[in-house]
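Numbering (the working numbering), first residue to last: 625 to 702.
Listed below in structure tokens is the structure:
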């Protein structure tokens, strides 16, 4: 993802990337869930057993959560 759009932020591109992934096998995207309760982009969730909340880039109830990360370049070795 970063190589295709090196000057665009992770947050600006991950939703398009996820939609492209869903299109390959013909799966629905989060926009199909108009309530955002069962399948959503940018969802706060509660961690099981801790009561803490976390932010997921993609959330699908009883199926998956996904967290996109920007590519970090390794420092150059001398």
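C-beta atoms are modelled at their ideal positions from N, C-alpha and C, and glycine is treated no differently.
In the three-state reduction of the DSSP assignment, residue 651 falls in the coil class. Taking C-alpha positions only, residue 680 is separated from residue 644 by approximately 18 Å. A direct Cα-Cα distance of roughly 32 Å separates residue 640 from residue 674.
Every beta strand (DSSP E) stretch that sits fully inside the stretch 668–697 and reaches 3 residues is listed by chain position as 677–684 and 688–690.
Taking 8 Å as the upper bound for CB-CB distance, residue 682 and residue 690 are in contact here, some 4 Å apart. For residue 638, the closest alpha carbon among the candidates 669, 671, 650 and 664 is that of 664. Looking at the DSSP output, residue 663 bridges to 684.
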